[in-house]
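**Student:** My structure is below; once you've seen it, I'll send some questions.
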Amino acid sequence: MEELQRMSTGIKDLDEIIGGFPVGRSILVTGDAGSGKTIMALQFAIKSASDGFKTVYVTTEEDETDLKFQCNSFAWDIKTLIESGSLEIISLAGVRAMVTEAEMKIGIESVEEDIGRLLDQISADTRVLIIDNLGSHTGNLTPYEFRNRFDFLVYELKKRNITSLIILDSATAREFNEIALFSVYGAINLLKRENPYTGRRERVMDIVKMRSTKTPVDFVPYKITESGIEITGKVKYE
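Structure below.
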């Protein structure tokens, strides 16, 4: 049986826990505001592009300048990766404000055409796609429409053997998050909570699922340092 290929998440200790992200599969990242979703996505993008995988980062809420500022704060050399063509940023920030519902034809166009507009912007040599975040464009969709669009997106990315990280924030309807959870190959939820033993606030990640992978049953504690996300505790497996 052919072994599933994996690639680095960009977080060393997370690679040791799950072995990396499965190649050609879609991973869902959810979480509260301030939990580090964009940092995790950027960390993965920088690593994959640095490793020679053509990476496309689609941002729906921040422009390219904002992302560059974030990367610079962690001393990640995003400028060189962009100039070399290894990393491409597609900014859709402001689209919701500039385009009317009629122009977007939400709920009228076919699923294939709707997703096709996004995929048409991605070059054929793309190996990694990050969408940060898809929740920004779900406001006018019914659960049925969202399921069709999301399933089609995941299907097309797998067919192209593109490894993808798709972010949905906590503001997205819970029903949409649950729909997405069943469609993806893996899912990680980033949380901020009060530690029941110390009473202090902390960040933890819940590796909700990762098919073909041994995953921990407990929350995985992490912190955001000057180098990005770092795992801070040991994990327990079933």
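Using the working numbering, the first residue of the sequence shown is number 449, and each one after it goes up by one.
Ideal placement from N, C-alpha and C gives every residue a C-beta, glycine not left out.
Because the structure is a prediction, the values reported are computed rather than measured.
1) Along the chain, where does the alpha helix (DSSP H) containing residue 627 start, and where does it finish?
2) Would you decide whether residue 568 is buried or exposed? Buried here means 16 or more other CB atoms lie within 10 Å of its CB.
3) Can the beta-carbon of residue 625 be found less than 8 Å from the beta-carbon of residue 507?
4) The alpha helix (DSSP H) spanning residue 636 covers which residue range?
5) With H, G and I counted as helix, E and B as strand and the rest as coil, what does DSSP make of residue 522?
6) Find out if the Cβ-Cβ distance for the pair residue 468, residue 491 is shorter than 8 Å.
7) Any Cβ of chain D within less than 8 Å of the Cβ of residue 564?
8) Closest by CA to residue 451, which one among 588, 659, 519?
9) Can you tell me whether residue 502 is buried or exposed? The criterion is at least 16 other CB atoms within 10 Å of its CB, across all chains shown.
10) Checking the sheet assignment: what are the DSSP bridge partners for residue 683?
11) Taking C-alpha atoms, which residue in 613, 534, 615 lies nearest to residue 500?
**Tutor:** Let me lay it out:
1) Position 179 of the sequence shown holds residue 627. First-last of the alpha helix (DSSP H) with residue 627: 622 to 631.
2) Working through the sequence shown from its first residue, we reach residue 568 at position 120. It counts as exposed.
3) Walking along the sequence shown from the start, residue 625 turns up at place 177. Walking along the sequence shown from the start, residue 507 turns up at place 59. No, Cβ-Cβ distance for residue 625 and residue 507 is not below 8 Å.
4) In the sequence shown, counting from the first residue as 1, residue 636 sits at position 188. Counting along the chain, residue 636 sits inside no alpha helix (DSSP H); it lies in the beta strand (DSSP E) bounded by residues 634 to 642.
5) Residue mapping note: residue 522 aligns to position 74 of the sequence shown, counting from 1. Of the three classes helix, strand and coil, the one that applies to residue 522 here is coil, per DSSP.
6) Stepping through the sequence shown from its first residue, residue 468 is reached at position 20. Stepping through the sequence shown from its first residue, residue 491 is reached at position 43. No, they are not a contact pair.
7) Within the model displayed, chain D is absent; a lone protein chain is all it includes.
8) Numbered from its first residue, the sequence shown carries residue 451 at position 3. When each option's Cα is compared against that of residue 451, the closest is 659.
9) As a working note, residue 502 is residue 54 in the sequence shown. Looking at its Cβ environment, which holds 16 or more other Cβ atoms inside 10 Å, residue 502 is buried.
10) Position 235 of the sequence shown, counting from 1, holds the residue named residue 683. Residue 683 pairs with nothing; no bridge assigned.
11) Your numbering for residue 500 matches position 52 in the sequence shown. Taking only the C-alpha atoms, the option nearest residue 500 is 534.
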